[in-house]
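A.B. asks:
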Amino acid sequence: MLLMLWLNVAYVDHHLDTNPAHHAQHHCQLFSGFQNGLSSALPILPAVSGSEIRSSVEKTQRRPSVHYAYLARSPPHF
């Protein structure tokens, strides 16, 4: 049990980059994934006018649904 807890702490400590000099020697996948995921620039959103939004919305048609009895392990009906 203690070995498992120690390995978990060692794994987290390794990937949290508490010692940056350690990662200068190698590039582990999780460390490089965190660096790629953290971007210093804010995302730029395209400017969309209200008329473009209204023209892109499609009209939906409600179809009559057949109501079956609730079956075991089936999702709830809304």
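Here our numbering runs 931 ahead of the position in the sequence shown, where the first position is 1. We put the CB at the ideal spot given by N, CA and C, even for glycine.
(1) Which value, in whole angstroms, describes the spacing of the CA atoms of Ala972 and Ala978?
(2) In angstroms with no decimal places, state the Cα-to-Cα distance between Met935 and Leu976.
(3) Measuring only the C-alpha atoms, how far is Leu938 from Leu947?
C.D. replies: Let me spell this out:
(1) Position 41 of the sequence shown, counted from the start, is the residue given in the question as residue 972. Position 47 of the sequence shown, counted from the start, is the residue given in the question as residue 978. The straight-line gap from Cα to Cα measures roughly 18 angstroms.
(2) Reading the sequence shown from its first residue, position 4 is the one you call residue 935. Reading the sequence shown from its first residue, position 45 is the one you call residue 976. Each residue's alpha carbon lies about 45 angstroms from the other.
(3) Along the sequence shown, one-based indexing puts residue 938 at 7. Along the sequence shown, one-based indexing puts residue 947 at 16. Cα-Cα distance, rounded: 14 angstroms.
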